[in-house]
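Participant: Under our numbering, read the sequence shown as residues 3 to 491, first letter to last. Note that CB positions come from ideal geometry on N, CA and C, so glycine has one too. A quick note: this is a predicted structure, and the numbers were derived from the prediction, not measured.
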Amino acid sequence: MINLTILEALKKLKSREISATELTRAHLNRIEKYGDELNCYITRTPERALADAAAADERYANGTNKVLDGIPIAMKDLFATRGIRTTAASRMLENFVPEYESTISQKYIDAGTVLLGKANLDEFAMGTFSKTSFFGAPVSPWQRERKLTAGGSSGGTTSAVAGGLAMGGTGTDTGGSIRFPCSITGLVGVKPTYGLCSRWGCVAFASSLDTPGPIARTVDDAALLLSIMAGHDDKDSTSAPNARFEMDGELKPILGDGKKLKIGIIKEFQNVEISADMKNIFEKRIADLKSMGAEVIEVSIPNILDALAAYYIIAPAEASSNLARYDGMRYGLRVEGSDVYDTYKKTRAAGFGEEVKRRMLIGTAVLSSESYEVYFMQAARVRRLIADAFNRAFEQCDLIVCPAGASTAMPLDSDLSPLEYYALDLFTVAMNLAGIPAVSVPAGLARNGLPLGLQVMGRRFDDMRVLQLAKHIQQISNVDNRPTVIMGE
Ligand code: GLN
């Protein structure tokens, strides 16, 4: 049952060939067996899962079943879940049990899904390997003996979904945190258009960039998950009034049968150093798309290589302001000091990890009156230029394709400096700055047997066509990402 896609499982559930309880038990057994090794869940919720499954089975029995009834999922531990602790992988929130449900997790409840647990991540979603988690890093199920990263910051969800410890799940993408982990674990990750999925009840990192999105093994599954996540939410002031994404069955082909499609490749990315395998796979897939009838042209995003610098000013600036609320007064950790200021200091010193502190220092510095104009405003201008350049590029082409990262998963014990980690986001941050939809999709295996992903991007709210092209790429690439294959069973 572990190898089923969500769409396949739904068919079997509807025909009563399998029950939601059986499907849930199969995943709970898997969590029993591999959960400690992969460290993909911070909090497991087996009782809740079995109760959810029983309710789903009842609905199947009386014909009131919902769109995702009985599908076991992993929820990134950044989404507040009522009565279930929500840590953001931080010591600061180690014992925080929310009294409210985030909009996204509520939508998963309303769709009938089964909650297996809260997935591991980088502390406050700041990182690339999920190593900044207070609970230790999740591990990739690929080539397990090598202890590879499952990526970050949504690395707990990718580890769980790739390893068959969930059928799908949620991530958030501020600068690549859905797409990068998916590209190195052979999964499909969707960073929707900014404003399509509500941020309400999701622990804030950088509010103008944070984008909740789905993670799954196939593009069709990811599209189905997106359809239940999308929608306007009055409680999120940046939620788009026209936020809609509807699925009816499978994604329709966008290529073949003489269909016309213009695909752009980004000129400025051509000279960026990437692994020979990634270069090879990228060129192969572009050739495949051409042979299916796509026209491929070069487009220019002149400032795209400055996106990293702009991102690492804007994101920390917003984070320093968002994380000011953790002061030991209202909720979360509190370390008593000699007076109120001492309590603030002691609480924040003990509650936050090194990377989070680094971001807050950078953020506070770039927002100081001496630096505001030269750093923050300059970064905001670069952001505008990049967004405008994407708009112009999409006047010339329908969709853009580029690598999702430079190389395959690295071992967790790789010794990278903060700047080396930041550089890994080169291919992903520009899309967050521009607010456009971007999907990472498995595109091939490198010579070392590990998966590599490509990215498809489109105009704001063109999420549907982005997914349609991604589906073609997944079909052509035919990367076998069934959990039992990945885990060598
Ligand atoms: N790796 C990036 C960072 O560390 C992206 C994180 C994210 O998308 N949440 O900020």
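Cutting at 7 Å between CB atoms, please list the residues of its own chain near Ile-8, excluding the five before and the five after it.
Facilitator: Here residue 8 refers to the residue found at position 6 when the sequence shown is read from its first residue. Around Ile-8: Ile-73, Met-169, Gly-170, Ala-218, Asp-223, Leu-226.
Participant: Do you know offhand how far Ile-299's Cα is from Met-412's?
Facilitator: Along the sequence shown, one-based indexing puts residue 299 at 297. Along the sequence shown, one-based indexing puts residue 412 at 410. Taking the straight line joining both Cα atoms gives about 32 Å.
Participant: Nearest CA to the CA of Ser-17: which residue from Gly-65, Thr-47, Cys-42?
Facilitator: Here residue 17 refers to the residue found at position 15 when the sequence shown is read from its first residue. Considering only alpha carbons, the answer is Gly-65.
Participant: Hey, would you say Ala-309 sits closer than 9 Å to Val-358, going by beta carbons?
Facilitator: Numbered from its first residue, the sequence shown carries residue 309 at position 307. Numbered from its first residue, the sequence shown carries residue 358 at position 356. No, these two residues do not count as a Cβ contact at 9 Å.
Participant: Within a Cβ cutoff of 8 Å, which residues of the same chain sit near Asp-79, ignoring the five residues on either side of it in sequence?
Facilitator: Position 77 of the sequence shown holds residue 79. Cβ within range, chain order: Ile-44, Thr-45, Thr-88, Thr-89, Ala-90, Ala-91, Lys-120, Ala-121, Asn-122, Leu-123, Gly-158.
Participant: Could you pull the start and end residues of the alpha helix (DSSP H) that Tyr-110 belongs to?
Facilitator: The sequence position of residue 110 within the sequence shown is 108, counting from 1. 105-112 is the extent of the alpha helix (DSSP H) around Tyr-110.
Participant: Relative to the alpha-carbon of Val-163, which residue among Ser-185, Gly-138, Thr-176, Gly-177 has its alpha-carbon at the smallest distance?
Facilitator: Counting from one through the sequence shown, the residue named residue 163 turns up at place 161. Here the closest residue by C-alpha is Ser-185.
Participant: Could you tell me whether the Cβ atoms of Gly-543 and Thr-345 are closer together than 9 Å?
Facilitator: In the structure displayed, the chain extends from 3 to 491; residue 543 sits before or after that span and is not available.
Participant: State the beta-bridge partners of Ile-268 as determined by DSSP.
Facilitator: Position 266 of the sequence shown, counted from the start, is the residue given in the question as residue 268. Val-301.
Participant: Taking 8 Å as the cut-off, is the CB of Leu-426 close to at least one heavy atom of the ligand GLN?
Facilitator: Position 424 of the sequence shown, counted from the start, is the residue given in the question as residue 426. Yes, since a heavy atom of the ligand GLN falls inside the 8 Å radius drawn around the Cβ of Leu-426.
Participant: Over what stretch of residues does the alpha helix (DSSP H) that includes Val-384 continue unbroken?
Facilitator: The residue you call residue 384 lines up with position 382 of the sequence shown. 380-398 is the span of the alpha helix (DSSP H), which, as asked, contains Val-384.
Participant: Shorter than 8 Å, the distance from the beta carbon of Thr-124 to the closest heavy atom of the ligand GLN, or not?
Facilitator: If you number the sequence shown from 1, residue 124 lands on position 122. Sequence inspection shows Asp at residue 124; the Thr mentioned does not correspond to that position. Asp-124: yes, Cβ under 8 Å from the ligand GLN.
Participant: Is any heavy atom in the ligand GLN found nearer than 8 Å to the beta carbon of Ser-442?
Facilitator: Stepping through the sequence shown from its first residue, residue 442 is reached at position 440. No - the ligand GLN has no heavy atom lying nearer than 8 Å to the Cβ of Ser-442.
Participant: Does DSSP put Leu-454 in a helix, in a strand, or in coil?
Facilitator: Mapped onto the sequence shown, residue 454 falls at position 452. Strand, per DSSP.
Participant: Out of Met-231, Thr-174, Pro-194, Tyr-313, point me to the one whose CA is closest to Val-205's CA.
Facilitator: As a position in the sequence shown, residue 205 is number 203, starting the count at 1. Val-205 has its Cα closest to that of Thr-174, out of Met-231, Thr-174, Pro-194, Tyr-313.
Participant: With a Cβ-Cβ cutoff of 9 Å, do Val-443 and Gly-451 count as a contact?
Facilitator: Within the sequence shown, numbered from 1, the residue matching residue 443 stands at position 441. Within the sequence shown, numbered from 1, the residue matching residue 451 stands at position 449. Result no, Cβ atoms of Val-443 and Gly-451 do not sit closer than 9 Å.
Participant: Determine which residues share a DSSP beta bridge with Ile-306 and list them.
Facilitator: For the purposes of this step, residue 306 is identified with residue 304 of the sequence shown, where counting begins at 1. Answer is none; Ile-306 lacks a bridge partner.
Participant: Within 10 angstroms of its Cβ, does Ala-326 collect 16 or more other Cβ (buried), or is it exposed?
Facilitator: Position 324 of the sequence shown holds residue 326. Label assigned to Ala-326: exposed.
Participant: Alpha carbon to alpha carbon, what distance is there between Ile-364 and Asp-238?
Facilitator: Within the sequence shown, the letter at position 236 stands for residue 238. Within the sequence shown, the letter at position 362 stands for residue 364. Going from the Cα of Asp-238 to the Cα of Ile-364 covers about 27 Å.
Participant: Between which two residues does the beta strand (DSSP E) holding Pro-444 run?
Facilitator: Taking the sequence shown and counting its residues from 1, the one referred to as residue 444 is at position 442. That run of the beta strand (DSSP E) goes 440-447.
Participant: Would you list the one or two residues that DSSP bridges to Leu-469?
Facilitator: Within the sequence shown, the letter at position 467 stands for residue 469. Beta-bridge pairing links Leu-469 to no other residue.
Participant: Does the distance between the C-beta of Val-431 and the nearest non-hydrogen atom of the ligand GLN fall short of 8 Å?
Facilitator: The count along the sequence shown starts at 1 and reaches residue 431 at position 429. Val-431 Cβ: within cutoff of the ligand GLN.
Participant: Buried or exposed: which applies to Glu-125, given that a residue is buried once 16 or more other Cβ atoms fall within 10 Å of its Cβ?
Facilitator: Within the sequence shown, residue 125 is the residue found at index 123, counting from 1. Buried is the call here.
Participant: Quick one: complete beta strand (DSSP E) runs, 3+ long, within the region 214-250?
Facilitator: DSSP runs (the beta strand (DSSP E)) wholly in the region 214-250: 214-218.
Participant: Among Thr-366, Ile-86, Pro-216, Tyr-333, which one has its Cα closest to the Cα of Ala-319?
Facilitator: As a first step, residue 319 is located in the sequence shown; it is residue number 317 there, counting from the start. Cα-wise, what sits closest to Ala-319 is Thr-366.
Participant: Would you say the beta carbon of Asn-434 comes nearer than 8 Å to a heavy atom of the ligand GLN?
Facilitator: Locating residue 434 in the sequence shown gives position 432, where the first residue counts as 1. Under cutoff, so the answer is yes.
Participant: What number of angstroms, rounded off, separates the C-alpha of Val-403 from the C-alpha of Ser-419?
Facilitator: Here residue 403 refers to the residue found at position 401 when the sequence shown is read from its first residue. Here residue 419 refers to the residue found at position 417 when the sequence shown is read from its first residue. For Val-403 and Ser-419, the distance between alpha carbons rounds to 29 Å.
Participant: According to DSSP, simplified to helix, strand and coil, what is Lys-13?
Facilitator: Indexing the sequence shown from 1 puts residue 13 at position 11. DSSP places Lys-13 in helix when its eight states are reduced to three.
Participant: Write down the C-beta distance between Lys-133 and Ala-139 rounded to the nearest angstrom, noting that I regard them as a contact closer than 8 Å.
Facilitator: In the sequence shown, the residue the question calls residue 133 occupies position 131. In the sequence shown, the residue the question calls residue 139 occupies position 137. With a Cβ gap of about 4 Å, Lys-133 and Ala-139 count as contacting.
Participant: Hey, would you say the C-beta of Tyr-423 is under 8 Å away from at least one heavy atom of the ligand GLN?
Facilitator: Indexing the sequence shown from 1 puts residue 423 at position 421. Result yes, Cβ under 8 Å from the ligand GLN.
Participant: In the DSSP assignment, find the unbroken alpha helix (DSSP H) run with Pro-420 in it and report its ends.
Facilitator: Translated into the one-based positions of the sequence shown, residue 420 becomes position 418. Run containing Pro-420: 420-425, per the alpha helix (DSSP H) assignment.
Participant: If you follow the alpha helix (DSSP H) that Leu-52 is in, where does it begin and where does it stop?
Facilitator: Here residue 52 refers to the residue found at position 50 of the sequence shown. Segment 48-64, the alpha helix (DSSP H) holding Leu-52.
Participant: Which of the three DSSP states is assigned to Phe-81 in this structure?
Facilitator: Counting from 1 along the sequence shown, the entry for residue 81 is found at position 79. Reduced to three states, the DSSP call for Phe-81 is strand.
Participant: On the three-state DSSP scale, how would you describe Pro-318?
Facilitator: Position 316 of the sequence shown, counted from the start, is the residue given in the question as residue 318. Here Pro-318 sits in helix by DSSP.
Participant: Compute the distance between the beta-carbons of Leu-40 and Ser-161, then report whether it is under 9 Å.
Facilitator: The sequence position of residue 40 within the sequence shown is 38, counting from 1. The sequence position of residue 161 within the sequence shown is 159, counting from 1. The answer is yes: Cβ separation under 9 Å.
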